[in-house]
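Student: Line by line, the protein sequences give chains A and B. Add 66 to the 1-based position in the first sequence for our numbering, that's all there is to it. Add 28 to the 1-based position in the second sequence for our numbering, that's all there is to it.
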Amino acid sequence: MEIFGVPLPALMGQLMLGLVSGSFYAILSLGLAVIFGMLNIINFAHGALYMMGAFFAWMALTYLGIGYWWSLVLVPAVVGVVGIVIERTMLQWLYKLDHLYGLLLTFGLALIIEGLFRSEYGVSGLPYTIPDELTGALDLGFMFLPKYRLWVIAISLFVCFATWFVIEKTQLGAYLRAATENPKLTQAFGINVPLMVMLTYGFGVALAGFAGVLAAPIFQVSPLMGSNLIIAVFAVVVIGGMGSILGSIVTGLGLGIIEGLTKVFYAEASSTVVFIIMAIVLLIRPAGLFGKEK
Amino acid sequence: MNGRLSLIGYAALLAALLAAPLFLYPVLVMKVLCFALFACAFNLLLGYTGLLSFGHAAFLGTAAYVTGHVLKEWGWPTELGLLAGTLAAAALGWLFGALAIRRQGIYFAMVTLALAQMVYFLFIQAPFTGGEDGLQGVPRGHLFGVVDLADDINLYYLVLAICVGAFWLIHRTINSPFGQILKAIRENEARVVSLGYDVAKYKLLAFVLSAALAGLAGATKTLVFKFATLTDAHWHASGEVVLMTLLGGMGTIFGPVVGASVIVTLQNELADKVGSLVTVIMGAIFVICVLAFRRGIVGEAIALYRRMVWR
Numbered sequence: 067m068e069i070f071g072v073p074l075p076a077l078m079g080q081l082m083l084g085l086v087s088g089s090f091y092a093i094l095s096l097g098l099a100v101i102f103g104m105l106n107i108i109n110f111a112h113g114a115l116y117m118m119g120a121f122f123a124w125m126a127l128t129y130l131g132i133g134y135w136w137s138l139v140l141v142p143a144v145v146g147v148v149g150i151v152i153e154r155t156m157l158q159w160l161y162k163l164d165h166l167y168g169l170l171l172t173f174g175l176a177l178i179i180e181g182l183f184r185s186e187y188g189v190s191g192l193p194y195t196i197p198d199e200l201t202g203a204l205d206l207g208f209m210f211l212p213k214y215r216l217w218v219i220a221i222s223l224f225v226c227f228a229t230w231f232v233i234e235k236t237q238l239g240a241y242l243r244a245a246t247e248n249p250k251l252t253q254a255f256g257i258n259v260p261l262m263v264m265l266t267y268g269f270g271v272a273l274a275g276f277a278g279v280l281a282a283p284i285f286q287v288s289p290l291m292g293s294n295l296i297i298a299v300f301a302v303v304v305i306g307g308m309g310s311i312l313g314s315i316v317t318g319l320g321l322g323i324i325e326g327l328t329k330v331f332y333a334e335a336s337s338t339v340v341f342i343i344m345a346i347v348l349l350i351r352p353a354g355l356f357g358k359e360k
Numbered sequence: 029m030n031g032r033l034s035l036i037g038y039a040a041l042l043a044a045l046l047a048a049p050l051f052l053y054p055v056l057v058m059k060v061l062c063f064a065l066f067a068c069a070f071n072l073l074l075g076y077t078g079l080l081s082f083g084h085a086a087f088l089g090t091a092a093y094v095t096g097h098v099l100k101e102w103g104w105p106t107e108l109g110l111l112a113g114t115l116a117a118a119a120l121g122w123l124f125g126a127l128a129i130r131r132q133g134i135y136f137a138m139v140t141l142a143l144a145q146m147v148y149f150l151f152i153q154a155p156f157t158g159g160e161d162g163l164q165g166v167p168r169g170h171l172f173g174v175v176d177l178a179d180d181i182n183l184y185y186l187v188l189a190i191c192v193g194a195f196w197l198i199h200r201t202i203n204s205p206f207g208q209i210l211k212a213i214r215e216n217e218a219r220v221v222s223l224g225y226d227v228a229k230y231k232l233l234a235f236v237l238s239a240a241l242a243g244l245a246g247a248t249k250t251l252v253f254k255f256a257t258l259t260d261a262h263w264h265a266s267g268e269v270v271l272m273t274l275l276g277g278m279g280t281i282f283g284p285v286v287g288a289s290v291i292v293t294l295q296n297e298l299a300d301k302v303g304s305l306v307t308v309i310m311g312a313i314f315v316i317c318v319l320a321f322r323r324g325i326v327g328e329a330i331a332l333y334r335r336m337v338w339r
């Protein structure tokens, strides 16, 4: 069977890969959006912390013998703690300044983290094996579906929607939204806003660490894996706008699929298609698909 | 600072630069000059218009490739090669600018970064860039068909003339009515709009000018090193120019020059000794500057001078 002259299994395979990268876009842009909402800072270190998550998973397995499933829980927590340290020691002094300083500071942090891993492990990728439970593929008749990819998509969607649920539907989320809207007034009601800011950054960064662990078995674990991804995620964020949680999830997944399809029909453009779409969106809807014009 | 003092300062700096090849390795000084020009061009945007572009490497890289290509493959004369690189960067700057000024603040930075990354990916694939190897063995040619630029000293004075000329242009721009409006946009965009100025037009013009000058720096750099590589277009280069401007002092006319000198010298000194830890050091300087040193070297010096005068 063929669609537009492309064999169906190839098409579905690329679509699947697109969904996988879309899942990473979604988790990472969600983290950026959550952090931006609360701290008004674009976290340039997000890519570096994602890379750190992948490396911690690799190190846990290699040096401590801690397997994938434990890493999936422990690594995000550790990366989250790193984030909290960053927030307490550095970021908290910048809230009163222009937003650009937050971007510059986290850019510096990204360079530091990337440089440290690079000088220790070089630039060649390190392999991380897929856990036994998720090796192999499902035979769907028209294509083989690798179990691990399916798992990545499923768990990413779950995490994204859980985050959305917490922020939009729970008491904690209501405090969070209130603090985003008007921190002074929220503080006046007796809610510890600085604590919430700290935890928000920790959580957003933990999401990046989580994505890193998920990515470790698919991509090679390498110091450079974060920076290229994060620039594409920035484009995703510009396209979607950071105002809406659901918006960033949908945009992330959608762009992943488009990227996958581009690989099928015009492979040369697959690395640039996200940026081209960004340019088009800027022309048509400058505020982004889900953004509000100020 | 009063006019007489800064005039003495300019004269002293120019004298030092004219004499520099006697004491220092000319290629290193030319590298500093190219990056100083790059940073000054960038500062026109960040320091004077308040726009943080995280994509200036695209202009540096594009001009470097275009100049390299027309000199090497098409055999154009040197002057036209430099011009071609600069114009290419200006055209790209117009394209980037027209898109990026549709968003403000933090989004502006992300848009420019993403567009520059797109250019980087295009360069990886494009046939004329030589991929990972880059464009090697670009001939320097002769200036006006007479002066042999293969000689480092001859080239040095050409590069110095270019940089001084560009610096003068930036200085004139900042102190012109146009520059006043740019500064007003930095301080309070809404008010400038309310005064009836077409802010988008001013921003775009500033962006194109900055891109063109960044391109001139890239074109000159190709002439100095005789090659153009992907490094020029990589986002690290965009970050470096931000760092140079921040360290030197954004919004000061000399800050970027000082910042570029410090960073290039540091990289030159450290490259063999610490290897890839250079990135870590650059990152650390970034963090320190943002946390404790936001005025930069020149900014702090001016503040110190003012305090002494007032006392």
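Quick reminder that beta carbons are idealized off the backbone N, C-alpha and C, glycines included.
1. Check whether chain A comes within 7 angstroms of Y76 of chain B, counting only Cβ atoms and requiring the distance to be less than that.
2. Which partner residues does H170 of chain B have in the DSSP bridge list?
3. Roughly how many angstroms separate the alpha carbons of L140 of chain A and K249 of chain B, rounded to a whole number?
4. For V227 of chain B versus I213 of chain B, is the C-beta distance shorter than 7 angstroms?
5. To the nearest angstrom, report how far apart F156 of chain B and G96 of chain B are at their CA atoms.
6. Determine the direct distance from the alpha carbon of G133 of chain B to that of N258 of chain A, and round the result to whole angstroms.
7. Which term fits M344 of chain A, buried or exposed, when burial requires 16 or more other beta carbons within 10 angstroms of its beta carbon?
8. Using 10 angstroms around the beta-carbon of G113 of chain A, count the other beta-carbons present and answer buried if the total reaches 16, otherwise exposed.
9. Starting from the N-terminal side, write out each stretch of the beta strand (DSSP E) that is 3 residues or longer and does not extend beyond the region 132-212 of chain A.
10. Tell me the DSSP secondary structure of L163 of chain B in three-state form.
11. Which residues mark the beginning and the end of the alpha helix (DSSP H) in which N71 of chain B is found?
12. Here's a check: name, in chain order, each residue in its chain whose Cβ is nearer than 7 angstroms to the Cβ of V292 of chain B, leaving out the five neighbours to either side.
13. For chain B, is any of its Cβ atoms less than 7 angstroms away from the one on V304 of chain A?
14. With 16 other CB atoms within 10 Å as the buried threshold, where does I179 of chain A fall?
15. Distance, Cα to Cα, I221 of chain A vs T229 of chain A?
16. So what does V100 of chain A bridge to, in DSSP terms?
17. Name the chain A residues whose beta carbon is nearer than 8 angstroms to that of G267 of chain B?
18. Suppose contacts are defined by Cβ-Cβ distances below 7 angstroms. Is Y184 of chain B in contact with P54 of chain B by that definition?
19. Please decide whether R184 of chain A counts as near chain B, where near means a Cβ-Cβ distance under 7 angstroms.
20. Are the CB atoms of F183 of chain A and M138 of chain B nearer to each other than 7 angstroms?
21. Run through DSSP, which three-state label would A256 of chain B get?
22. Excluding five sequence neighbours on each side, which residues of the same chain lie with their C-beta closer than 8 angstroms to the C-beta of Y148 of chain B?
23. To which residues of the same chain is L319 of chain A closer than 6 angstroms at the C-beta, ignoring the five residues directly before and after it?
24. Name, please, each residue of chain B whose Cβ falls closer than 8 angstroms to the Cβ of Y167 of chain A.
25. Step through the CB atoms of chain B and report whether any lies within less than 7 angstroms of the CB of G71 of chain A.
26. Roughly how many whole angstroms lie between the Cα atoms of R168 of chain B and I209 of chain B?
27. When you compare only the Cα positions, how much space is there between Y267 of chain A and N182 of chain B?
28. A301 of chain A versus chain B: which residues are under 7 angstroms apart at the beta carbon?
29. Which residues in the same chain as I342 of chain A place their Cβ atom closer than 8 angstroms to its Cβ, once the five residues preceding and following it in sequence are excluded?
30. Compute the Euclidean distance between the alpha carbons of A312 of chain B and F173 of chain A, then round it to the nearest angstrom.
31. Verify the CB distance criterion: does A39 of chain B have a CB-CB separation below 7 angstroms to chain A?
32. Tell me P283 of chain A's beta-bridge partners as DSSP assigns them.
33. What would DSSP say about P249 of chain A, mapped onto helix, strand or coil?
34. Should G131 of chain A be labelled buried (16 or more other beta-carbon atoms within 10 Å of its own) or exposed?
35. On the CB-based measure, 16 or more other CB atoms within 10 Å of its CB, does G303 of chain B come out buried or exposed?
36. Is it buried or exposed for K229 of chain B, if we count other Cβ within 10 angstroms and need 16 for buried?
Tutor: By the coordinates alone:
1. Residue contact with chain A for Y76 of chain B: absent (no Cβ-Cβ distance below 7 angstroms to any residue of chain A).
2. Answer by DSSP bridge pairing, in chain order: B:D176.
3. The alpha-carbon atoms of L140 of chain A and K249 of chain B are separated by roughly 48 angstroms.
4. In this structure, I213 of chain B lies closer than 7 angstroms to V227 of chain B by Cβ.
5. So the alpha carbons of these two residues sit roughly 10 angstroms apart.
6. Going from the Cα of N258 of chain A to the Cα of G133 of chain B covers about 28 angstroms.
7. Result: buried.
8. Looking at its Cβ environment, which holds 16 or more other Cβ atoms inside 10 Å, G113 of chain A is buried.
9. Within the region 132-212 of chain A, the beta strand (DSSP E) runs of at least 3 residues that lie entirely inside it are, in chain order, 203-205 and 210-212.
10. Three-state result, L163 of chain B: strand.
11. Residues P54 to T77.
12. Cβ within range, chain order: K59, V60 and F63.
13. With a threshold of 7 angstroms between beta carbons, V304 of chain A makes contact with chain B.
14. With 16 or more other Cβ atoms within 10 Å, it is buried.
15. Straight-line Cα distance between these residues: approximately 12 angstroms.
16. None; V100 of chain A has no bridge partner.
17. Counting only Cβ-Cβ distances below 8 angstroms, G267 of chain B has contacts in chain A at F173 and L177, in chain order.
18. The answer is yes: Cβ separation under 7 angstroms.
19. It does: the Cβ of R184 of chain A has a partner Cβ on chain B nearer than 7 angstroms.
20. No, they are not a contact pair.
21. In the displayed model, A256 of chain B falls within a strand according to three-state DSSP.
22. Same-chain partners within the cutoff: A85, A86, G89, L258, A261, H262 and W263.
23. So the list reads G88 and A92, once near-sequence residues are dropped.
24. Neighbours of Y167 of chain A across chain B, judged by C-beta separation under 8 angstroms: V318 and R322.
25. Output row for G71 of chain A: interface = no.
26. Separation of R168 of chain B and I209 of chain B (C-alpha to C-alpha, rounded to the nearest whole angstrom) is 39 angstroms.
27. Annotation: Y267 of chain A to N182 of chain B spans about 55 angstroms, alpha carbon to alpha carbon.
28. Ordered by position in chain B, the residues that pass the 7 angstroms Cβ test against A301 of chain A are A142.
29. Counting only Cβ-Cβ distances below 8 angstroms, and skipping sequence neighbours, we find A335.
30. Straight-line spacing of the CA atoms in A312 of chain B and F173 of chain A works out to 10 angstroms.
31. False, the Cβ-Cβ gap to chain A never drops below 7 angstroms.
32. DSSP output for P283 of chain A lists no bridge partner at all.
33. Note: P249 of chain A maps to helix in three-state DSSP.
34. When all chains shown are included, G131 of chain A counts as exposed.
35. The residue is exposed, with fewer than 16 neighbouring Cβ atoms inside 10 Å.
36. Residue environment for K229 of chain B: exposed (fewer than 16 other C-beta atoms within 10 angstroms of its C-beta).
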